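Below is one structure, written out as structure tokens, with a few remarks after it.
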Amino acid sequence: MQYPEAIAKLIDSYMKLPGIGSKTATRLAFYTIDMNEDDVKEFSKALVATKNDLHYCSICGNLTDEDPCEICRDKTRDQSTILVVEEPKDVMVMEKVQEYHGLYHVLHGVLSPIEGKGPEDLNISSLIKRLQKIKAVKEVIVATNATPEGEATAMYLSKLIKPAGIKVTRLAHGLSVGSDIEYADEVTLFKAVQGRTEI
Amino acid sequence: MKLTEIELHNFRNYVDQTLKFSDGINVFLGENAQGKTNLLEAIYVLALTRSHRTNNEKELINWQSQTAQIKGRLQKRLGTVPIELDLGPKGKRAKVNHLEQAKLSTYIGQLNVILFAPEDLSIVKGAPQVRRRFMDMEFAQMSNRYLYNSTQYKKILKQRNRYLKDLHYKRQKDRVYLDVLSDQLSAYGAEIIYQRLQLLKKLEKFAQNVHSEISQGKEKLAFDYRTTVEADQLGSVELIYQSLLKHFAKIKDKEILRSTTLIGPQRDDLHFVINGKEVQSFGSQGQQRTTALSVKLAEIDLMKEQTDEYPILLLDDVLSELDDFRQTHLLTAIQDKVQTFLTTTSLSGVQQELLTNPRIFRISEGNVTMEK
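Residue numbers (full-length UniProt numbering), protein chains in the order written: chain A, 1 to 199; chain B, 1 to 372.
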């Protein structure tokens, strides 16, 4: 026997989500049938809203429901620093720290020719235009991941930006806070010794 | 370092097999195609997580199974350590002392092995890539930093080659990013070249001693590392880095045209020289064999110096390749120091008086029986 069309379609839709196969999708679909109607309506509205209401900010590239985004509109934030990250979720992580009060720029990836991502495929040209337009920026902090690709992207940005007389900095490498030296891997330890600071 | 026990599950033709080894010489004896080398390979894979015979890991897993497992017990200076390697469709997992290792790089180096197979004679006369592979495999076991640098280098090299291709076919046009990749590649490449030179210098010293003994003082062996970097620029990582950068700047257009990286450690070569003559082109068969044997025996000493433990020696069918004199030399060099595993089809060609208390495993169609 085949499932009625409505359920079959729902199962199919659930299966498009990452990490969900046919069994889980079927279980979710049958659970949905038993949910109360308001919850289901709320759920479907939320799904549609992510598509209709969310955009990338035209200034920094972050996810937002209004353009420009909340951070770019906030004049009380420090306008002289821009922190460059790979993904929108990195902005959320930085914001949680509540220590950084400057602006952001989201690249949407890192340079990686193997994955077909060259300089023109990232949100880099808008960063350069932004720096040319707003003279107030004194420092660009590159917060890409500590992978070879992240490092290459950071070096690339510094080559582009430094000639304009803007300071380019990179997040520090080293021991994670609260960790024991004896458990750190040798490369991390080596980087930590290289990047030691005077006290 | 000794391997006291190994347990195989679905590794090649061994479905379930446990073997207890002697601290001295272990002999795998049997006809051809019975599974002798598979046992040596298992020890090699347990040590280095990859095989010397194949790059296709599926071949290591028994065809009736999805996963394979190799477990070993190591006797080190400071006690026994169980290690384990699981192979499966989703990749490899390694455990030391029952703890899963997040990175394979922290696992490699637990068990150090040196393999001597008939193919190793091609270290001297084979293609340059054989010698580069030899350096990479051996030095990675001795130094975690070498392993790290060479894995990073390979990643960046792949990116750079792809980008050169993109530039060649005009899919990309930004030259600044190419400079960044060259810079990154030079930094890791310089570390690799410098470390190779340091370790080769030590290896050369040990190999010279062995070689001069075998040749009864008549010959002097020397190493010659060939690289694009000028000889007077090899003194430090920084100098090598600067030199590589300079070369990259010069050959940029040629590299784009050819769509590949043309200089760096992946293009360097190692040459062996006896009494001023290159062994590869001018040496006799005998000199080539002696050189290969000297280099392999020197590795044992270098490994001992770098890691403070003797490695385990795997000899795959090499005794038959060596004459009596060289056999004697090999077997006396390892006596009482190095745990050895060797495969052979018969013991008749081997000078048995030199095999002190060998533990003999007879292998027939994948069945292993220990001889008393």
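Heads up, the beta-carbon is just placed ideally off N, CA and C, and yes, glycines get one too. The structure displayed is predicted, hence computed values, not measured ones.
Residue i and residue j: beta carbons closer than 8 angstroms?
i	j	result
LEU144/B	TYR188/B	It is worth fixing the name first, because residue 144/B is Asn in this sequence and not Leu. No, the Cβ-Cβ distance between ASN144/B and TYR188/B is not below 8 angstroms.
GLN142/A	LEU157/A	For clarity, residue 142/A is Val in the given sequence; the question names Gln instead. Against a cut-off of 8 angstroms, the Cβ pair of LEU157/A and VAL142/A comes out as a contact.
GLN339/B	LEU3/B	yes
VAL27/B	PRO358/B	yes
HIS211/B	THR291/B	yes
ARG49/B	LEU104/B	The identity of residue 49/B in the sequence shown is Thr, whereas the question assumes Arg. Yes; because the gap between Cβ atoms is below 8 angstroms, this pair is in contact.
VAL368/B	GLN17/B	yes
PRO148/A	ILE156/B	yes
ASP269/B	ILE193/B	no
SER259/B	LYS165/B	yes
THR343/B	LYS36/B	yes
ARG124/B	VAL279/B	First, the amino acid is wrong: residue 124/B is Val here, not Arg. The answer is yes: Cβ separation under 8 angstroms.
ARG196/B	MET137/B	no
GLY88/B	GLN64/B	no
VAL137/A	ILE59/A	no
ASN38/B	ASN62/B	no
ILE251/B	LEU29/B	no
LEU185/B	TYR163/B	no
LEU175/A	ALA192/A	yes
VAL180/B	MET155/A	yes
LYS296/B	ILE114/B	yes
PHE223/B	PHE282/B	no
GLU31/B	THR345/B	yes
Residue range of the alpha helix (DSSP H) that residue i falls in?
i	result
LYS151/B	Residue identity check: residue 151/B is Thr in the sequence provided, not Lys. Per DSSP, THR151/B belongs to the alpha helix (DSSP H) from 144 to 168.
LEU203/B	175 to 214
PHE43/A	37 to 53
GLU5/A	5 to 14
THR24/A	22 to 34
GLN352/B	That residue, GLN352/B, is in no alpha helix (DSSP H); it is neither H nor E in DSSP.
ARG289/B	285 to 307
LYS159/A	148 to 161
THR328/B	324 to 334
Assuming residue i contacts residue j (C-beta within less than 8 angstroms), just tell me the rounded distance between them.
i	j	result
GLN7/B	LYS71/B	Here the sequence assigns Glu to residue 7/B, which means Gln is not the residue at that position. Correct: roughly 4 angstroms between the Cβ atoms.
VAL91/A	TYR104/A	5 angstroms
VAL350/B	LEU315/B	That pair is no contact at about 11 angstroms.
ALA298/B	LEU203/B	5 angstroms
VAL110/A	GLY61/A	That pair is no contact at about 14 angstroms.
ALA29/A	LEU10/A	4 angstroms
TYR14/A	ALA6/A	About 13 angstroms separates the two Cβ atoms, so there is no contact after all.
Judging by CA-CA distance, which residue of the options is the nearest neighbour of residue i?
i	options	result
GLN335/B	ASP324/B, SER348/B, SER346/B and LEU354/B	LEU354/B
LEU313/B	ASN112/B, GLN64/B and LEU78/B	ASN112/B
LYS162/A	ALA172/A, LEU171/A and ILE128/A	ILE128/A
GLU5/B	LEU19/B, GLU255/B, GLN110/B and ASN275/B	LEU19/B
VAL140/A	ILE114/A, MET94/A and VAL85/A	VAL85/A
LYS74/A	PRO88/A, GLY102/A, MET92/A and MET94/A	It should be pointed out that residue 74/A corresponds to Asp in this sequence rather than to Lys. Of the candidates PRO88/A, GLY102/A, MET92/A and MET94/A, the one whose C-alpha sits nearest the C-alpha of ASP74/A is GLY102/A.
LEU121/B	LYS277/B, GLN288/B and PRO128/B	GLN288/B
ALA333/B	THR151/B, THR343/B, SER346/B and TYR310/B	TYR310/B
GLY79/B	ASN97/B, TRP63/B and VAL350/B	ASN97/B
GLN233/B	PHE206/B, LEU244/B and LEU315/B	LEU244/B
CYS72/A	ARG130/A, GLU5/A, ALA154/A and GLY109/A	ARG130/A
ASP23/B	LEU178/B, ILE360/B and SER364/B	ILE360/B
ARG160/B	ARG77/A, GLU115/A and ALA29/A	GLU115/A
LEU54/A	GLY21/A, GLU42/A and GLU70/A	GLU70/A
GLU191/B	SER284/B, TYR146/B, ILE256/B and HIS9/B	TYR146/B
GLY91/B	LYS76/B, ALA68/B, ARG73/B and PRO82/B	ALA68/B
HIS108/A	LYS89/A, GLU95/A and LYS96/A	LYS89/A
LEU199/B	PHE139/B, TYR44/B, GLN216/B and VAL229/B	PHE139/B
PHE21/B	LEU330/B, MET1/B, THR345/B and GLN101/B	MET1/B
Taking the beta strand (DSSP E) that residue i falls in, what are its first and last residues?
i	result
MET370/B	367 to 371
HIS271/B	269 to 274
THR340/B	340 to 344
ILE59/A	Element bounds for ILE59/A: n/a, residue is neither H nor E.
TYR104/A	103 to 106
THR26/B	For the sequence presented, residue 26/B should be read as Asn rather than Thr. From DSSP, the beta strand (DSSP E) with ASN26/B extends over 25 to 29.
PHE190/A	Premise fails: PHE190/A lies in the alpha helix (DSSP H), 186 to 194, not in any beta strand (DSSP E).
PHE361/B	359 to 364
For residue i, return the contacting residues in chain D, with the cut-off set at a CB-CB distance below 8 angstroms.
i	result
GLN172/B	No chain D is present in this structure, whose protein chains are A and B.
Taking Cβ-Cβ distances below 8 angstroms as the criterion, which residues of the UniProt domain "Toprim" (80 to 176) of chain A are in contact with chain B? LEU111, SER112, PRO113, ILE114, GLY118, PRO119, GLU120, PRO148, GLU149, GLU151, ALA152, MET155, TYR156, LYS159 and LEU160
Check each residue of the segment 94 to 120 of chain B: if its Cβ is closer than 9 angstroms to any Cβ of chain A, include it; give the result in chain order. ALA102, LYS103, SER105 and THR106
Give me the subset of the segment 24 to 51 of chain A whose CB atoms are less than 7 angstroms from a CB atom of chain B, sorted by chain position. none
Taking a Cβ distance cut-off of 9 angstroms, strictly less, list which residues of the segment 175 to 193 of chain B are near chain A, in chain order. VAL176, TYR177, ASP179, VAL180, LEU181, ASP183, GLN184 and TYR188
When Cβ atoms are compared, which residues of the segment 241 to 270 of chain B fall closer than 9 angstroms to chain A? none
When Cβ atoms are compared, which residues of the segment 192 to 222 of chain B fall closer than 9 angstroms to chain A? none
Where the segment 150 to 166 of chain B meets chain A: residues whose CB sits under 7 angstroms from a CB there: GLN152, LYS155, ILE156, LYS158, GLN159, ARG162, TYR163 and ASP166
Any C-beta of chain B within less than 9 angstroms: which residues of the segment 180 to 197 of chain A qualify? ASP185, GLU186, VAL187 and PHE190
Can you pull out the residues from the segment 127 to 151 of chain B whose beta carbon lies closer than 8 angstroms to at least one beta carbon of chain A? ASN144, ARG145 and TYR148
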